[in-house]
Amino acid sequence: MTTCATVEDAGLTNAGLLDALMRMEITEPTEIQSRAMRVVSGQSEDKAASEGSTTNVFIASHTGSGKTLAYLLPVIQSLKLAEERAGERLAKPRRPKVVVACPTRELAEQVEEVTKSLSHSAKFSSYLVVGGRSYGTQRQRLDAPIDVVIGTPGRLVKHVEQGNLYLGNVDAMILDEADTLFEAGFGDEVKRLLRPLKARPEGKTCVLVSA
2 MTTCATVEDA
12 GLTNAGLLDA
22 LMRMEITEPT
32 EIQSRAMRVV
42 SGQSEDKAAS
52 EGSTTNVFIA
62 SHTGSGKTLA
72 YLLPVIQSLK
82 LAEERAGERL
92 AKPRRPKVVV
102 ACPTRELAEQ
112 VEEVTKSLSH
122 SAKFSSYLVV
132 GGRSYGTQRQ
142 RLDAPIDVVI
152 GTPGRLVKHV
162 EQGNLYLGNV
172 DAMILDEADT
182 LFEAGFGDEV
192 KRLLRPLKAR
202 PEGKTCVLVS
212 A
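See below:
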């Protein structure tokens, strides 16, 4: 597959996301974005997923190649398409549709920054939950309607165990720097985060990202 000339060629059609990319002065997708966007969104004929199972996608590319947008754009577009079909916003308190787990607070903050750059035009909500920040404030924020939650595994699992975060509505789980997550000893936390997807795999997407 060659690099697409435009983001529309790569499968992006949502007007809000296209407007956000225009504001970011992005018109041509990188190679990994060209390869990943249709696969993550389920538009690719190469997608090897059987009915009733979780779609597993592995994204690997060097640092600075645009991997964050490669997974964010298609999962947000899928979220907005689901809202269009439902005729209403799907955001609910404590029940995000997308979760991004990162091995470090620094990476989670970077992902949240990119997410925020898309959310203003695409009209979705996101929130960051990491250690070193007020747990009480996070709990209160999660009690508002939320579409996307980004965080570190320990803090995500703590909110799940305390009833502040429910993963039964999650349609897309992204494990950013997945190799580092396991090397850093977060295997048990990752299993806990993935458990709801395994219990109800229909229509779910799991994306593993690596440098």
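For what it's worth, the numbering used here labels the leading residue of the sequence shown as 2, then goes sequentially.
Note that CB positions come from ideal geometry on N, CA and C, so glycine has one too.
Values in this document were obtained by computation on a predicted structure and should not be read as measured data.
Would you mind sorting residue i into buried or exposed? The rule is 16 or more other CB atoms within 10 Å of its CB.
i      : result
His160 : buried
Phe187 : buried
Arg90  : exposed
Thr14  : exposed
Arg86  : exposed
Glu9   : exposed
Leu166 : buried
Leu82  : exposed
Tell me the rounded alpha-carbon separation between residue i and residue j.
i      : j      : result
Glu84  : Phe125 : 11 Å
Lys68  : Thr138 : 30 Å
Ile32  : Ile175 : Rather than Ile, the amino acid found at residue 32 in this sequence is Glu. Cα to Cα, the separation comes out at about 20 Å.
Glu203 : Thr55  : 6 Å
Ala145 : Lys93  : 7 Å
Ser135 : Asn170 : 25 Å
Arg193 : Val99  : 16 Å
Ile215 : Glu110 : The question about residue 215 has no answer, for the chain in this structure spans 2 to 212.
Asp189 : His63  : 27 Å
Ile147 : Ala6   : 33 Å
Glu184 : Gly155 : 15 Å
Ser42  : Ala16  : 16 Å
Thr28  : Ser66  : 15 Å
Ser35  : Leu168 : 29 Å
Lys48  : Arg201 : Note that Lys48 scores a pLDDT of 44, beneath 50, so its modelled location is shaky and nothing firm can be said.
Met23  : Ala212 : 26 Å
Glu26  : His121 : 15 Å
Pro1   : Lys117 : Coverage of the chain is limited to positions 2 through 212, which leaves residue 1 absent and any answer about it impossible.
Gly88  : Thr153 : 33 Å
If residue i sits next to residue j, beta carbons under 8 Å apart, how far is it from one beta carbon to the other, in whole angstroms?
i      : j      : result
Leu108 : Asp177 : 6 Å
Pro97  : Leu182 : With 8 Å as the limit, Pro97 and Leu182 do not qualify as a contact, their Cβ atoms being about 19 Å apart.
Ala179 : Thr206 : Rounded, the Cβ-Cβ distance is 14 Å, inconsistent with contact.
Leu18  : Ile77  : 6 Å
Arg95  : Gly132 : Wrong, their Cβ atoms sit about 19 Å apart, outside the cutoff.
Val58  : Val208 : 5 Å
Leu70  : Val115 : 7 Å
Less than 9 Å separating the beta-carbons of residue i and residue j?
i      : j      : result
Ala21  : Met38  : no
Cys72  : Val210 : Cys is not the amino acid found at residue 72; the sequence shown has Tyr there. Taking 9 Å as the Cβ cut-off, Tyr72 and Val210 qualify as a contacting pair.
Val149 : Val101 : yes
Arg142 : Gln163 : no
Leu74  : Leu129 : no
Touching by the beta-carbon criterion (3+ pairs, under 8 Å), the segment 109 to 129 and the segment 195 to 205: The answer is no - the segment 195 to 205 does not touch the segment 109 to 129, with fewer than three Cβ pairs under 8 Å.
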